[in-house]
Amino acid sequence: MPVLPIRGAVVFPLAVVPISVGQERSIQLAEEVMHTDRLIAIVAQQNEDASPAEPDDLYRVGTSAVVRQFHRTDAGTIQLVVQGLGRIRIDDYVSTEPYMVAKVSDAPEEGGAGKTELEALTRTAQDLFSQLAQHTPELPDELALAMRAFDDPLQVTYLLATTVPLPTPVRQDLLELDSVAVRLQHLVELIQKDLAVRELEQKIVDETKVRISDTQREYVLRERIRAIQEELGESGGEGQQLRKKIEEAGLNEEAKREADRELSRLEGIPEVSPEHGMIRTWLEWIAAMPWKKTTGGPIDLDEARMILDRDHYDLDKIKERLVDYLAVKKLRDERRVGAEPSTAREKGGEPSGKPTGKPAEKPAGKPVGKPNGTTGTVIATGAPTEGAEAAVERAAKAAMEAAKESAKGSAKEEAKAAAKEAEEKAEKKAAKEAGEEAPSDEKPGKKPAKGPEKKEGFVPTALQRPLRREPILCFVGPPGTGKTSLGQSIARALGRKFVHASLGGIHDEAEIRGHRRTYIGALPGRIVQSLRRVGVSDPVFMLDEVDKLSASFQGDPSAALLEVLDPDQNSEFVDTYLGVPVNLSRVLFICTANTTEPIPPALLDRMEVLRLAGYTEEEKVQIAVRHLLPLELRSNGLDAEEVELDDDVLRKVIREYTREAGVRNLERELATILRKSARRIGEGKPTPIAVLPDELHDFLGPRRFFDELAERVDRPGVATGLSWTPAGGQTLFVEATMMPGRKEKLILTGKLGSVLKESAQAALSWLRSNATRLGIEPDIFLRRIVHVHVPSGAIAKDGPSAGVAILAALVSLVSGVALRPDVAMTGEITLRGKVLPVGGIRDKVLAAHRAGIPVVILPRRSEGALEELPKEVRDDMHIVLVDTVDEVLAEALPAVKAEEEAEGEEAAPDLM
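For the sequence shown, the residue numbers in the working numbering are 6 to 917.
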């Protein structure tokens, strides 16, 4: 007979009970018996934790039953309604797959006593059950009446065993009894015991109902709920564990108050209620938050610098700024300056912005002479001394008491006036006790009386404000320049844990602030989730790609970050899910971005921007030797002695297979080379594997980038410009041509933005107005169409940097003289022929250096940006600084010479 194991229940003969089937073996059993005689053996599990149950996990006595109803639910389970037929014993199990099948035999029933004794036991059991139904709301009176309709002792025993609340092991013991009389006797004893306990509980409730206090009543109710839960198998241990975790978590006052309230609600809500799961999940989040857990120890500046130098090559200015930050933090930690916010700020207040008027006690000092002949005391700028603080405290208490007394018997305005008067008197009294003169009562604008203009010991308002906590650093630079790894290095230098959250593509404010608890599947925001994951309240927290945030109808995530990244507000950051303040002031936030343009100004104002520009060829070689190669060797299971790869190979990889500001593509190419080398070693070739420059084609395939000098500017009308992108600087070609047309027209193509189009129009206007001075026919543009194109038409381009390049291309076109192929230029032009400064100079010059262009024309007013260039780049490059368009043409197009103007001739360009 097929065997269906069940947990937490026992089926008796004659009973009709529903059973939910969810295990795969049980589902297959249910499906197959529906096509046969529908007879099964139902056996209770002795080991309820076993899943799936094996023969050794089951009792040996069960019940044969017939399946009356079969229903498949949407959740994939099956609901059966079965009716018990008789007791059976498991003799032996025939098989366990696909479900358990056993040889069974009937378990005969024995009377165990005479007819009269059985009748007496039956009536006694029926009477006791009627009494139990009166004390048990779960047992309706109709059931007791129905019980009296049975006169067969066997039927009565099965009905009682099914309806009386009993634990599963006790039910199984009753099922295994062969004697009906013994089974009835056991049932009578169990009902009497349960009835005695219920009667005693009722007696205690009746006797103490009047005298019970609220506290006692709550205790009794909790004990009763706990007893009921234990009886139902719903132990209250979960609530106690949560309470213990919350006590140990070190919550702040508001969070502790809210957690206690929710714990009280949880204990009164049934586990089957959806709200029970929501509250339990919220309490688990509260208990798991690192409210007071911190890491980090004393800061060693030498070790910090060593860590930064070890992890990153170059980036000297960035490292200097980080070491400066660590030095300030070290001093503040050692001297305990501004470590915690003021009391007023913790309560949600703000500094008043005006002096408090409470003078400090005179400190001891050395008298010095004053111009008017009086003597003063040299004091240190700082907070009032202890004596003055005590006087101020007494004065504040006196003012508060006076205000309260006044408010009791007068109107609101009179209370305010009395409080103000009492406060002024208290301040004068405090000043007198501290040995100082009372504050002046003079009105603003009135000429002060003779005497010292500033009372000694007075602390300026700026010094009373709490100091800023952790600064918000924002690393801005092209991809692959080491922004994320810098944050990890800072964490190691501080001895703190590091946590990372990517914000790219987020368009829902709830991702930052969290969702409301009422939503299904609600969770806290990424800030709180990351803090729980890292397990401390003072990690180094990296918010990656803040420039990739976007707003939608669901809100603006960047607006939510304003509170997170504001040192004056984030000490009480409230996540929508938690609903209680979380202190983020101890967190060191570090943001990363490729560009600052998409970042809202209000958010950018809260961050200190540190820019990381692209790397030079030599810097990339050093990074590859010191960091990338050792890492890739370990990743590919190779030793340094097994592969020979010198600097010449690295330079060739950089020049011919990568062209980027960072080093990510370089890392990929090195990984490809080492994988090919590992394959050769695996094929048995001798080591070391030598990678030669001429053999790179075998490792990396055909060359991807070529020197463009030969074909860049080989005809008139083509100029080389320089542009800046979030991925670094790059060269930009400007092509111009001219054709006949019915009227003059300017065509601009290449997916150009409005600023770039206006630069082209300004260049053409300047050229037409200065054509005679350049030796060009003024009517050359009559009935001509001028077409300016910037290649790579699929890429959007905009900005004023290409103004000089467009003008140079147009002059080259109409003059018929090609521009110098070794010159690149950048700068904005005006209709007066001035060259204005532009940004991104460092990245643009590095782009020209990578492309092999030795001469770069820059605006003179951008000269200061050249200091950011590495020395080897400045030595290799020939930088020309210009103020006017004439100077640009003189350098890039020497064959075209402009006539000198009568006045205002600009100085010749400076060469660097």
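A virtual CB, placed ideally from N, CA and C, is assigned to each residue, including glycine.
Using a 10 Å radius around the Cβ and a threshold of 16 neighbouring Cβ atoms, would you call residue i buried or exposed?
{"i": "Gly492", "result": "buried"}
{"i": "Gly642", "result": "exposed"}
{"i": "Lys849", "result": "buried"}
{"i": "Arg639", "result": "exposed"}
{"i": "His854", "result": "buried"}
{"i": "Leu336", "result": "exposed"}
{"i": "Val134", "result": "One detail in the question is off: residue 134 reads as Phe in this sequence, not Val. So Phe134 counts as buried."}
{"i": "Asp303", "result": "The amino acid occupying residue 303 in the given sequence is Pro; Asp does not appear at that position. That one is exposed."}
{"i": "Ser817", "result": "buried"}
{"i": "Glu514", "result": "buried"}
{"i": "Phe738", "result": "buried"}
{"i": "Thr523", "result": "exposed"}
{"i": "Gln735", "result": "buried"}
{"i": "Leu313", "result": "buried"}
Helix, strand or coil: how does DSSP classify residue i here?
{"i": "Lys108", "result": "strand"}
{"i": "Asp549", "result": "strand"}
{"i": "Val464", "result": "Bear in mind that a pLDDT of 49 at Val464, under 50, signals an unreliable position, so the number given afterwards is only what the model happens to contain. Coil at Val464, not helix or strand."}
{"i": "Leu313", "result": "helix"}
{"i": "Glu115", "result": "strand"}
{"i": "Ala435", "result": "Low per-residue confidence applies at Ala435: pLDDT is 49, beneath 50, and the placement is therefore not dependable, though the value from the model is reported in the following sentence. The answer is helix: DSSP assigns Ala435 an H, G or I state."}
{"i": "Ser25", "result": "strand"}
{"i": "Thr889", "result": "strand"}
{"i": "Ile304", "result": "coil"}
{"i": "Arg77", "result": "strand"}
{"i": "His505", "result": "strand"}
{"i": "Val16", "result": "coil"}
{"i": "Gln766", "result": "helix"}
{"i": "Pro364", "result": "Residue confidence is low: Pro364 scores 40 on pLDDT, short of 50, so the model does not pin down where it sits. Its coordinate-derived value is still stated next. Coil at Pro364, not helix or strand."}
{"i": "Gln190", "result": "helix"}
{"i": "Glu649", "result": "strand"}
{"i": "Pro606", "result": "helix"}
{"i": "Ile800", "result": "coil"}
{"i": "Gln50", "result": "strand"}
{"i": "Leu841", "result": "strand"}
Can you tell me where the beta strand (DSSP E) with residue i in it begins and where it stops?
{"i": "Gln88", "result": "Ile83 to Ser100"}
{"i": "Glu613", "result": "Glu613 to Arg616"}
{"i": "Phe480", "result": "Leu478 to Val481"}
{"i": "Pro572", "result": "Taken as a continuous stretch (DSSP letters only), Pro572 belongs to no beta strand (DSSP E), as it is neither H nor E."}
{"i": "Val533", "result": "No beta strand (DSSP E) holds Val533; the alpha helix (DSSP H) holding it covers Arg531 to Val539."}
Would you list the residues sitting across from residue i in a DSSP beta bridge?
{"i": "Met830", "result": "Gly726 and Ile862"}
{"i": "Gly733", "result": "Thr730"}
{"i": "Leu593", "result": "Val545"}
{"i": "Ile45", "result": "Ala70"}
{"i": "Thr742", "result": "His792"}
{"i": "Thr754", "result": "His794"}
{"i": "Ser557", "result": "Gly560"}
{"i": "Ser184", "result": "Glu115"}
{"i": "Glu586", "result": "The question names Glu, yet the displayed sequence has Pro at residue 586. Pro586 is bridged to Val579."}
{"i": "Ala989", "result": "Summary: the structure shown does not reach residue 989, with the chain confined to residues 6 through 917, and so no result is reported for it."}
{"i": "Lys198", "result": "Note: Lys198 sits in no beta bridge, so no partner."}
{"i": "Pro7", "result": "Val106"}
Assuming residue i contacts residue j under a Cβ cut-off of 8 Å, what Cβ separation, rounded to an integer in Å, is found between them?
{"i": "Gly808", "j": "Gly832", "result": "6 Å"}
{"i": "Leu548", "j": "Leu508", "result": "6 Å"}
{"i": "Tyr662", "j": "Glu674", "result": "5 Å"}
{"i": "Gly116", "j": "Ala186", "result": "6 Å"}
{"i": "Pro23", "j": "Gln84", "result": "6 Å"}
{"i": "Ala49", "j": "Thr167", "result": "Actually they are not in contact, since the Cβ atoms of Ala49 and Thr167 sit about 13 Å apart, beyond 8 Å."}
{"i": "Gly519", "j": "Leu478", "result": "So it is not a contact: roughly 25 Å between Cβ atoms."}
Hey, quick one: how far does the alpha helix (DSSP H) through residue i stretch, first residue to last?
{"i": "Ala813", "result": "Gly808 to Ser820"}
{"i": "Phe134", "result": "Lys120 to His140"}
{"i": "Leu638", "result": "Leu634 to Ser640"}
{"i": "His281", "result": "Pro279 to Ala293"}
{"i": "Val878", "result": "Lys876 to Asp881"}
{"i": "Ile323", "result": "Asp321 to Arg340"}
{"i": "Ile517", "result": "Ala515 to Arg518"}
Taking 6 Å as the cut-off, is the C-beta of residue i nearer than that to any heavy atom in the ligand HEM?
{"i": "Tyr582", "result": "This structure does not include the ligand HEM; it has no bound ligands of any sort."}
Under a CB-based cut-off of 7 Å, is residue i close to chain C?
{"i": "Glu577", "result": "The question asks about chain C, but that chain is absent: this structure has only one protein chain."}
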